[in-house]
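Asker: Just dropping this structure here.
There are 2 protein chains.
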Amino acid sequence: MNLADQKCESGVDPLKPEEAAKLGEQTPGWEIAEKSIERTFKFKNFVEAMRFANRITAIAEEENHHPDLHISWGKVIVELSTHSVDGLSINDFIVAAKINRLMEQA
Amino acid sequence: MNLADQKCESGVDPLKPEEAAKLGEQTPGWEIAEKSIERTFKFKNFVEAMRFANRITAIAEEENHHPDLHISWGKVIVELSTHSVDGLSINDFIVAAKINRLMEQA
Chain A
37 MNLADQKCES GVDPLKPEEA AKLGEQTPGW EIAEKSIERT FKFKNFVEAM
87 RFANRITAIA EEENHHPDLH ISWGKVIVEL STHSVDGLSI NDFIVAAKIN
137 RLMEQA
Chain B
37 MNLADQKCES GVDPLKPEEA AKLGEQTPGW EIAEKSIERT FKFKNFVEAM
87 RFANRITAIA EEENHHPDLH ISWGKVIVEL STHSVDGLSI NDFIVAAKIN
137 RLMEQA
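Chains as they are written, first to last, in our numbering: chain A, 37 to 142; chain B, 37 to 142.
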């Protein structure tokens, strides 16, 4: 199933680096760090950036998996990580894929 | 006049450190760094943090002076700086005072 159509679940396992890299193929634009994935989105002003942050919030609430958001004029940096595994889980890639889909719908 | 009742203006001058320190007396909770001021606000969950970020956005738009926001679960770090002076101006303290007033109204 497409990552963007999957649901986050609790009790997930940490991903091995090769597993994260494989999932990363389905989340273009996201950079994989040791314990998180991150993507920068650009907008034409502050309000548009916040509008995007609010749409991300709806996804985060639905999936009960919340990112860190760094919002500045015309820019949102989204950072995803799974605290329960102190690193990356499939949940991060599921939310990343859903966020990418938001952009396609924009 | 109370800082929170003032309006941001363009063409402001950079503040000297002692001027910034003096204005900082009117913005309790804000830490003064060399080129910015910053305050951390705590909330009970992600949605409450985003709600606060949206209320800050309304102030920022009205004053045409926008912060950087770092939002995570139950937390918003607000960072204010004046790009036109590459440091601090009175505008930063005006917006900080207005944000503090938001908290008093919450």
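Cβ atoms here follow ideal geometry from the backbone N, Cα and C, with glycine treated the same way.
Runs of 3 residues minimum, wholly inside the segment 104–135 of chain B: which ones carry the beta strand (DSSP E) assignment?
Answerer: Qualifying beta strand (DSSP E) stretches, in chain order: 104–108, 111–116.
Asker: Return the first residue and the last residue of the alpha helix (DSSP H) that Phe88(A) is part of.
Answerer: 82–99 is the span of the alpha helix (DSSP H), which, as asked, contains Phe88(A).
Asker: Identify which residue in Pro50(B), Leu116(B), Val112(B) has its Cα closest to the Cα of Asp104(A).
Answerer: For Asp104(A), the nearest C-alpha among the options comes from Val112(B).
Asker: State the DSSP-derived secondary structure class of Glu74(B), mapped to helix, strand or coil.
Answerer: Strand.
Asker: So, helix, strand or coil for Glu67(B), using DSSP?
Answerer: Three-state DSSP puts Glu67(B) in a strand.
Asker: List the residues of chain B whose Cβ lies closer than 8 Å to the Cβ of Asn127(A), in chain order.
Answerer: Those within 8 Å of Asn127(A) in chain B number zero; the least Cβ separation is about 14 Å.
Asker: Below 8 Å on the Cβ atoms is my contact criterion, and I expect Leu124(A) with Leu51(A) to pass it. Report the Cβ-Cβ distance as a whole number of Å.
Answerer: Confirmed, Cβ separation roughly 5 Å.
Asker: Taking the alpha helix (DSSP H) that Pro53(B) falls in, what are its first and last residues?
Answerer: Counting along the chain, the alpha helix (DSSP H) containing Pro53(B) begins and ends at 53–60.
Asker: Quick one: using the 10 Å Cβ neighbour count with 16 as the cut-off for buried, is Thr118(A) buried or exposed?
Answerer: Counting Cβ neighbours within 10 Å, Thr118(A) comes out buried, since at least 16 surround it.
Asker: Taking its Cβ as the centre, do 16 or more other Cβ atoms sit within 10 Å of Asp41(A), making it buried, or is it exposed?
Answerer: Exposed is the call here.
Asker: Quick one: is Ser108(B) near chain A, going by C-beta distance under 7 Å?
Answerer: Chain A contact via Cβ: present.
Asker: How do the segment 84–93 of chain B and the segment 50–64 of chain B stand: do at least 3 beta-carbon pairs fall below 8 Å, yes or no?
Answerer: Counting Cβ pairs under 8 Å, fewer than three are found: no touch.
Asker: Mapping DSSP to helix, strand and coil, what is Gln42(A)?
Answerer: Three-state DSSP puts Gln42(A) in coil, outside helix and strand.
Asker: Output the distance between the C-alpha atoms of Ala133(B) and Asn100(B), rounded to the nearest integer angstrom.
Answerer: Using only the alpha carbons, I get a separation of about 15 Å.
Asker: Quick one: does Asp104(B) have its CB under 7 Å from some CB of chain A?
Answerer: Interface residue, yes.
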